[in-house]
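Peer 1:
Numbering (my numbering), first residue to last: 9 to 118.
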């Protein structure tokens, strides 16, 4: 579970990948940040889930972030994960309940 004193990095993977895409990066950053990599619905450990259109995935991710009750966090997205990172950031910017504390967005290409 994230701490109250350190920032948390939330990682969203690319299309066709899983949260494990971020294992090496998260390992290097754990000394300075709490790290959480999420599987998007339809991928990784959640590969058997239906209903993986953009609106339903966005709602699912936002619910999961609200459940984490984060106070200081940055969302990091690679490719498709970047699309969801920007959509989540827009909801946070617009004052969506439970998404306060967003410090920034990092988009990764390649």
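Beta carbons are placed, not taken as given, at the ideal position from N, Cα and C, and that holds for glycine.
What you are looking at is a predicted structure, and each value in this text was computed from that prediction instead of being measured.
Would the beta-carbon of residue 27 fall within 8 Å of that of residue 55?
Peer 2: Not a contact, by the Cβ cut-off of 8 Å.
Peer 1: Going by Cα to Cα distance, which pick from 104, 21, 67 and 98 is closest to residue 112?
Peer 2: Selected option, being the one with the closest Cα: 98.
Peer 1: Excluding the 5 residues preceding and the 5 following residue 105 in the sequence, name in chain order all residues of the same chain whose CB lies nearer than 8 Å to its CB.
Peer 2: Excluding sequence neighbours, residue 105 sits near 74.
Peer 1: Look at the alpha carbon of residue 13 and the alpha carbon of residue 47, and state the distance between them as a whole number of angstroms.
Peer 2: Roughly 25 Å separates the two Cα atoms.
Peer 1: Would you kindly work out how many angstroms separate the C-alpha atoms of residue 117 and residue 95, rounded to a whole number?
Peer 2: Taking the straight line from one Cα to the other gives about 17 Å.
Peer 1: Starting from residue 18, follow its DSSP beta bridges and name the residues at the other end.
Peer 2: BP columns for residue 18 point to 44 and 83.
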